Amino acid sequence: MSRIAIIGSGIGGLCTALALRDHGFDPVVYEAADELRPVGSGIGITPNGMQALDRLDVAAAIIARGVTLDQMEIRTANGQTLTSMDLNDHTARIGLDHNLMAIHRAELQAVLANRLPAEVLQLGRECIDVNADQPVIHFADGTEISADLIIGADGVNSTVRASLFPNISPQYAGDVAYRGLVETTIPTDADRIGLEIWRRGLRFGYFALNDEQMYWFAIIVASSPTTVPEMTSAELADRFREFPSPVPELITATDDETLIRTPITELPLLNQWRRGHVTLLGDAAHAMTPNLAQGSSQAMEDAIVLAESIAEHGISHHALATYENRRKDRTESILRQSRLQGRLAQIEHPVLARVRNLVFEYAPASLLRKQMESILAVDL
Ligand SMILES: Cc1cc2nc3c(=O)[nH]c(=O)nc-3n(C[C@H](O)[C@H](O)[C@H](O)COP(=O)(O)OP(=O)(O)OC[C@H]3O[C@@H](n4cnc5c(N)ncnc54)[C@H](O)[C@@H]3O)c2cc1C
């Protein structure tokens, strides 16, 4: 049996293990952390990601543990609606079976990990280097493992990628995100709607994860992440004081210790994702800004396509080239669109912000629909 090693048990690594097992392979996942402990926040899984999860036969379990969102809306802080998308309409038009799902990251990870036999997942195995010529993985505990194929699914700061392409590093994208979870009565406007509110230099989004838990994210434009220090929830709520209710209330109700601060980064476009029998997947290959909520869905799509390519062509350069050819253009296009959405949202100049708002408000619905559907439409 071929030895396939996956580095990283995030969404991408776990989905890849499931997809490979569906094709009869027996991969092992090596995870640096001593326990499965995802970032304590929510995540939106877009319909194309749900399609991939369907292929892995876990969509129903995700739906049972999350909330289906029928609508996405972007508003200004004074209540003007910039875009409103009926997701049922989009998914029906392009023939997808699922809508946008909101779920706690821990729930998502549990659904994926619980489908794998215990011996597939090796915790406390931090990869420190990969030799692509052999290929061999070196671990922080001093051990090394040879494999027929190594898949680097170790996230935006990937060690596997650094071993292959040492000159590539993530770049700061111009804003800092805070994320929070709060037990609260769900505001009526967040019932099955994903909402985002824009005000110059600041953005706030929120959606329900279940009957009593809300997830929110607050984004602050900053030329350097050092200008947005660690804040308490009271300090953060003060930054968002001009936002309508329930924004300041949601922030204030969040425990300081649970706030997650993340400077947003993205990867430059890579010329190649592979060297020898080592390839990259998910954020390790194409980390993008979260503006279109596509990062996890792209990792899920990668997983399906990589497993299919290996099943079809065996562990070979041809299989890795086929995977890359099928995935690279799509992920690069979505990365660029996500960056553009971020740049538009980051506009601080009042006149430019007004122009942007007008463009959003009066852009032909068909244009916006076409853009959205090109992202969501996926042939898996
Ligand atoms: C603020 C914010 C909000 C976001 N919101 C969304 C959203 O709503 N929807 C969405 O789809 N995406 C969202 N994303 C993006 C999404 O989180 C990522 O795209 C997704 O998690 C990528 O999955 P991954 O498996 O490639 O990497 P990761 O989730 O980063 O997993 C990498 C795994 O590798 C492990 N690892 C790292 N280094 C090593 C090593 N050396 N050895 C062994 N193991 C290692 C890590 O511990 C981790 O378990 C958001 C991102 C941010 C920053």
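1 is the number of the first residue of the sequence shown in full-length UniProt numbering; add one for each residue after it. For every residue, glycine included, the Cβ atom is placed at its ideal position computed from N, Cα and C. It should be emphasised that the depicted structure is a prediction, and the values quoted were computed from it without experimental measurement.
Task: Supposed contact pair Ile7 and Ala153 - C-beta distance, whole angstroms, cut 8 Å - done: Sure, about 6 Å apart at Cβ, within 8 Å.
- [ ] Give me the Cα-Cα distance between Gln51 and Ser41, rounded to the nearest whole angstrom.
- [x] Per the coordinates, the alpha-carbon of Gln51 lies some 22 Å from the alpha-carbon of Ser41.
Task: Own chain residues within Cβ distance below 8 Å of Leu116, not counting five before or after - done: So the qualifying residues of the chain are Leu14, Ala17, Leu18, Arg21 and Val29.
Open item on the list: Rounded to whole angstroms, what is the Cα-Cα separation between Asp302 and Lys328?
Closed with: The C-alpha of Lys328 is placed about 10 Å away from the C-alpha of Asp302.
Task: Test item: CB-CB of Leu100 and Leu69 under 8 Å - done: Cβ distance < 8 Å, so Leu100 and Leu69 count as in contact.
Open item on the list: Looking at the strands, I want to know which residues DSSP matches up with Cys127.
Closed with: DSSP, once it has assigned bridges, lists Phe139 as partnering Cys127.
Open item on the list: Extract the residue ranges of the alpha helix (DSSP H) inside the stretch 30–71, only unbroken runs of 4 or more that lie entirely within it.
Closed with: You should have 47–55 and 59–65.
- [ ] Look up Pro263 in the DSSP assignment and say whether it is helix, strand or coil.
- [x] Three-state DSSP puts Pro263 in a strand.
Open item on the list: If you reduce the DSSP assignment to three classes, tell me which class Asp133 lands in.
Closed with: Looking at Asp133 - three-state DSSP - the assignment turns out to be coil, as it is neither helix nor strand.
Task: Cβ-based neighbour list, Met288, same chain, cut-off 7 Å, excluding 5 preceding and 5 following - done: Cβ neighbours of Met288 beyond the five flanking positions: Glu266, Gln294, Gly295, Ile334, Leu335 and Ser338.
Task: Bridge partner(s) assigned by DSSP for Ser146 - done: Its beta-bridge partners are Val136.
Open item on the list: Distance check for Asn131 and Ala271, CA to CA, integer angstroms please.
Closed with: Reading off the sequence, residue 271 comes out as Asn, not Ala. Distance between the alpha carbons of Asn271 and Asn131 is about 19 Å.
- [ ] List the whole-angstrom C-beta distance separating Leu121 from Asp34, where the pair is believed to meet the contact cut-off of C-beta under 8 Å.
- [x] So it is not a contact: roughly 12 Å between Cβ atoms.
- [ ] Starting from Thr4, follow its DSSP beta bridges and name the residues at the other end.
- [x] According to the sequence shown, residue 4 is Ile rather than Thr. Secondary-structure assignment with DSSP links Ile4 through a beta bridge to Leu149.
Open item on the list: On the DSSP bridge list, what partners appear for His104?
Closed with: Answer by DSSP bridge pairing, in chain order: Gly42.
TODO: Using a threshold of 8 Å, state whether the C-beta atoms of Phe240 and Ala218 are closer than that.
DONE: In contact: Phe240 and Ala218 (Cβ atoms closer than 8 Å).
Task: Other residues of its chain near Leu320: CB distance less than 6 Å, five sequence neighbours each side excluded - done: Same-chain partners within the cutoff: Arg274 and Thr279.
Task: Boundaries (first-last residue) of the alpha helix (DSSP H) holding Gly24 - done: That residue, Gly24, is in no alpha helix (DSSP H); it is neither H nor E in DSSP.
Open item on the list: Please state the DSSP three-state secondary structure of Arg241.
Closed with: Here Arg241 carries a coil assignment [DSSP, helix/strand/coil].
Task: Coil, strand or helix - Gly342 by DSSP - done: If DSSP states are grouped into helix, strand and coil, Gly342 belongs with the helices.
Open item on the list: Just to confirm my understanding: we take Ile43, look at its own chain, exclude 5 residues before and 5 after, and list those with CB closer than 7 Å. What are they?
Closed with: The beta carbon of Ile43 is closer than 7 Å to those of Ile103, Arg105, Leu108 and Ser296 in its chain, skipping five residues each way along the sequence.
Task: Gly295 beta carbon near ligand 1 (any heavy atom closer than 7 Å) - done: Distances from the CB of Gly295 to the heavy atoms of ligand 1 include at least one below 7 Å.
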